[in-house]
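Student: Going by the working numbering, the first residue of the sequence shown is number 140, and it counts up by one from there.
The beta carbon of each residue, even a glycine, is placed where N, CA and C say it ideally should be.
Below: one structure in structure tokens.
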Amino acid sequence: VVLATKVHGRMGPGPNDMGNSKVHILREVENSLRRLQTDYIDVYWIHRPDPDTPIEETLEALDYLVKKGYVRYVGSSTFPAWQIMEALWKSDAKNLVRFSAEQPPYNIIERQIEQRVVPLCEKYNIAIIPWSPLAGGWLSGKYKRGIKPPPDSRAARYPEWMSVDEANPLVKKRFDTIEKLETIAKDLNCSLVELSIAWLLSKPFVTAPIIGPKNLEQLRSYLKSLNIEISDEVTGRIDEIVPPGTSLWLCQNENFVV
């Protein structure tokens, strides 16, 4: 078992109750250790960049935690390539702990990271552990043309960047793309979920995708992807539908420019 948790989000009303400041990080790691009932965390993630805190301050706090044994490895999540590079530079210049992994948004219809983040991580030996392998439910078959999204879905909760309204040309293109991908899944005798996970696992730079099954049936579907072979021919068909580097999902949200 690899135990991981993250820091960044708001945990209280005060100015130091969120972000990547030293005060917040040192306080919240203690809270995480207490809640998890453990002596150390295997991987401690910086959940998002913090424009109000110098990266040196963040790295100094993380370095302290590693030296004290509270944390073994540290990683970034959803950092643009330039900020990952800046962090590596500061770590080397000041002899501080380096990010060992990046947790980016990555799936068949969200391939922005292939432009800059992937080459950077490959060059500097940083593990890539993608979040949202099903694009917030888009690759699960949850959203259908002309049908309101389920009330508990992300599309219902975050309509500003998870819209299913085909009046938006991007949404229409997304539906068209998913229908084409479903054809490939059918040819492989699998579901789109299984194809999506198998495609991620076929990428040599992906260490492990983050999955979030809500029940045993969903877990079984994820596990079936281990038996699906993504051949060069299948890869080529997918690349024709969604060219490398393409963004058909998070490009609606300016907070996810990588």
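Rounded C-beta distance between valine 345 and isoleucine 248? I'm assuming under 8 Å.
Tutor: Not really, about 16 Å apart at Cβ, beyond 8 Å.
Student: Below 8 Å on the Cβ atoms is my contact criterion, and I expect alanine 240 with valine 182 to pass it. Report the Cβ-Cβ distance as a whole number of Å.
Tutor: Going by Cβ atoms, the distance from alanine 240 to valine 182 rounds to 7 Å, so yes, they are a contact pair.
Student: Do you know offhand how far methionine 150's Cα is from isoleucine 164's?
Tutor: Going by the C-alpha atoms only, they are around 11 Å apart.
Student: Would DSSP call aspartate 156 helix, strand or coil?
Tutor: Aspartate 156 falls in the coil class under three-state DSSP.
Student: Output the boundary residues of the alpha helix (DSSP H) element that contains glutamine 222.
Tutor: Glutamine 222 -> alpha helix (DSSP H) spans 220-233.
Student: Which of the three DSSP states, helix, strand or coil, is assigned to threonine 316?
Tutor: Threonine 316 falls in the helix class under three-state DSSP.
Student: With C-beta atoms as the reference, is arginine 187 less than 8 Å away from serine 216?
Tutor: Yes, the pair counts as a contact, with Cβ atoms nearer than the cut-off.
Student: Take arginine 237 and list the residues in its own chain whose beta-carbon comes closer than 7 Å to its own, dropping the five residues that flank it on each side.
Tutor: Answer for arginine 237: Leu227 and Ser230, listed in chain order.
Student: Specify, as a first and last residue, the run of the alpha helix (DSSP H) that tyrosine 361 falls within.
Tutor: Taken as a continuous stretch (DSSP letters only), the alpha helix (DSSP H) holding tyrosine 361 covers 355-363.
Student: Compare the Cα-Cα distances from leucine 331 to each of Asn246, Glu299 and Arg166 and report the closest residue.
Tutor: Out of Asn246, Glu299 and Arg166, Asn246 has the C-alpha closest to the C-alpha of leucine 331.
Student: Using the beta-carbon count (16 or more within 10 Å), is threonine 322 buried or exposed?
Tutor: Exposed: under 16 other Cβ atoms inside 10 Å.
Student: Cutting at 8 Å between CB atoms, please list the residues of its own chain near arginine 376, excluding the five before and the five after it.
Tutor: Only Ile323 meet the Cβ criterion.
Student: Just to confirm, are leucine 358 and proline 348 a CB contact at a threshold of 8 Å?
Tutor: No.
Student: In angstroms with no decimal places, state the Cα-to-Cα distance between serine 279 and asparagine 234.
Tutor: Taking the straight line joining both Cα atoms gives about 44 Å.
Student: Run through the region 229-299 for me and flag every whole alpha helix (DSSP H) of 4 or more residues, listed as ranges in chain order.
Tutor: As far as the region 229-299 is concerned, its whole alpha helix (DSSP H) runs of at least 4 residues are 256-262 and 293-296.
Student: Going by C-alpha to C-alpha distance, which of Ser370, Leu175, Ala232 and Thr316 sits closest to tryptophan 125?
Tutor: Residue numbering for the chain in the displayed model covers 140 to 397; residue 125 lies beyond these limits and cannot be assessed.
Student: May I have the straight-line CA-CA distance separating leucine 132 from proline 190, to the nearest angstrom?
Tutor: An answer regarding residue 132 cannot be provided, because it is not within the stretch 140 to 397 covered by the chain.
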